[in-house]
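Shown next, in structure tokens, is the structure this report addresses.
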Amino acid sequence: MLNNSLLHPEEARKMIRKNQWNRPTAGMCNGYTQANLVILPKDLAFEFLLFCQRNPKSCPVLDVTEPGSPVPALAAPSADLRSDLPSYRVYRNGILTDEVQDIHPYWTDDMTGFLIGCSFSFEQALMQNKIPVRHIQENRNVPMYKTSISCTKAGRFEGPMVVSMRPIPEKDVVRAVQVTSRFPSVHGAPVHIGDPSSIGIESIDAPDFGDSVTINEGEVPVFWACGVTPQAVVMNIKPELVITHSPGHMFITNWTDEEFGVL
18 MLNNSLLHPE EARKMIRKNQ WNRPTAGMCN GYTQANLVIL PKDLAFEFLL FCQRNPKSCP
78 VLDVTEPGSP VPALAAPSAD LRSDLPSYRV YRNGILTDEV QDIHPYWTDD MTGFLIGCSF
138 SFEQALMQNK IPVRHIQENR NVPMYKTSIS CTKAGRFEGP MVVSMRPIPE KDVVRAVQVT
198 SRFPSVHGAP VHIGDPSSIG IESIDAPDFG DSVTINEGEV PVFWACGVTP QAVVMNIKPE
258 LVITHSPGHM FITNWTDEEF GVL
């Protein structure tokens with residue numbers, strides 16, 4: 018049986034392009050950086066880049082394509098953002114209208130793609146420190162929640178921060194903060210630890226995106242800023258057309274996680 022955690026990104030993207038992998042990418046290509054995706058028309062690109070610059074915790078930009086080009090020249094110059102993610106979401110006027118495995122039919126010559134850091138990239142470091150990653154253990158998608166934390170507005174872009182959650186044993190919380198702080202380009206340290214209601218999450222068992230996971234006795238919910246934030250913003254501001262990854266279904270870059278780690 019193929020061990021997907023040991024795949025090289027080129028091999029993984031080839032599988033995805035052939036529709037041989039249509040599940041979340043957590044645990045795939047361990048050691049390589051994964052990225053969220055936002056594709057929007059050129060006339061929105063500067064405002065979105067400014068939004069990312071003002072909200073680096075939620076939207077750390079890793080690469081931006083040339084207008085009209087589907088190739089992330091820095092992250093993976095042989096890749097095609099129209100086919101190399103397992104699943105995409107198409108939003109029209111803020112409404113999710115399609116969820117597809119290929120976006121060639123939606124692509125136009127004025128589109129710009131943004132790759133945004135993903136917290137899947139620091140999960141290998143957590144596991145190397147013997148800190149459990151529950152959604153990988155349970156073969157589920159990471160739970161993600163809209164919060165009451167407002168992003169800093171930029172042009173037309175405004176809305177709530179989305180966070181991902183991982184239950185961490187109490188004894189490991191400090192170490193989890195230390196480990197993830199080394200990776201500011203993929204969300205870095207948590208934004209909240211403990212009571213979900215303090216950041217506007219009404220039910221920890223009902224995530225807005227992804228799947229619920231088991232929280233065992235003696236574990237604390239820990240929340241990291243999440244690259245699904247742009248999807249919440251898109252639903253809030255309702256642009257004519259925006260394409261994103263489906264939550265948990267990431268783009269796998271050629272970069273290693275350690276290239277983004279800091280000592």
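Start counting the sequence shown at 18; every next residue gets the next number (our numbering). C-beta atoms are modelled at their ideal positions from N, C-alpha and C, and glycine is treated no differently. Keep in mind it's a predicted model, so treat the numbers as computed, not measured.
{"Asked": "Contact check, Asp127 vs Ser100, beta carbons under 7 angstroms", "Found": "no"}
{"Asked": "Residues sharing a beta bridge with Lys163, DSSP", "Found": "Val179"}
{"Asked": "Distance between beta carbons of Asp225 and Ser138, contact taken as under 8 angstroms", "Found": "Contact doesn't hold; Cβ gap of about 22 angstroms is too wide."}
{"Asked": "Inside the stretch 228-253 only - beta strand (DSSP E) runs reaching at least 3 residues", "Found": "236-242"}
{"Asked": "Bridge partners - Gln51, DSSP secondary structure assignment", "Found": "Ile269"}
{"Asked": "Rounded distance between the beta-carbons of Thr231 and Glu155, thought under 8 angstroms", "Found": "7 angstroms"}
{"Asked": "C-alpha gap between Asn53 and Asp212, whole angstroms", "Found": "27 angstroms"}
{"Asked": "Residue span of the beta strand (DSSP E) that contains Leu79, given as start and end", "Found": "Val78 to Val81"}
{"Asked": "Meets three-Cβ-pair contact criterion under 8 angstroms: the stretch 108-116 and the stretch 201-209", "Found": "no"}
{"Asked": "Backbone CA spacing between Asn253 and Arg71 [nearest angstrom]", "Found": "18 angstroms"}
{"Asked": "Segment limits, beta strand (DSSP E) that includes Val131", "Found": "Inspection of the sequence shows that residue 131 is occupied by Phe rather than by Val. Residues Met128 to Gly134."}
{"Asked": "Pro58 beta carbon near the ligand SAH (any heavy atom closer than 6 angstroms)", "Found": "Absence of the ligand SAH from the depicted structure is noted, as is the absence of any ligand whatsoever, leaving it without description."}
{"Asked": "Residues sharing a beta bridge with Val150, DSSP", "Found": "Paired residues: none, contrary to the question."}
{"Asked": "Where Phe200 sits in the DSSP three-state scheme", "Found": "coil"}
{"Asked": "Exposure label - Leu23; buried when at least 16 CB within 10 Å", "Found": "exposed"}
{"Asked": "The stretch 74-88 touching the stretch 129-136, judged by at least three CB pairs closer than 8 angstroms", "Found": "yes"}
{"Asked": "Own chain residues within Cβ distance below 8 angstroms of Ile148, not counting five before or after", "Found": "Ile185, Pro186, Asp189, Arg192, Ala193 and Val196"}
{"Asked": "Leu91 versus Gln145 - alpha carbon distance", "Found": "28 angstroms"}
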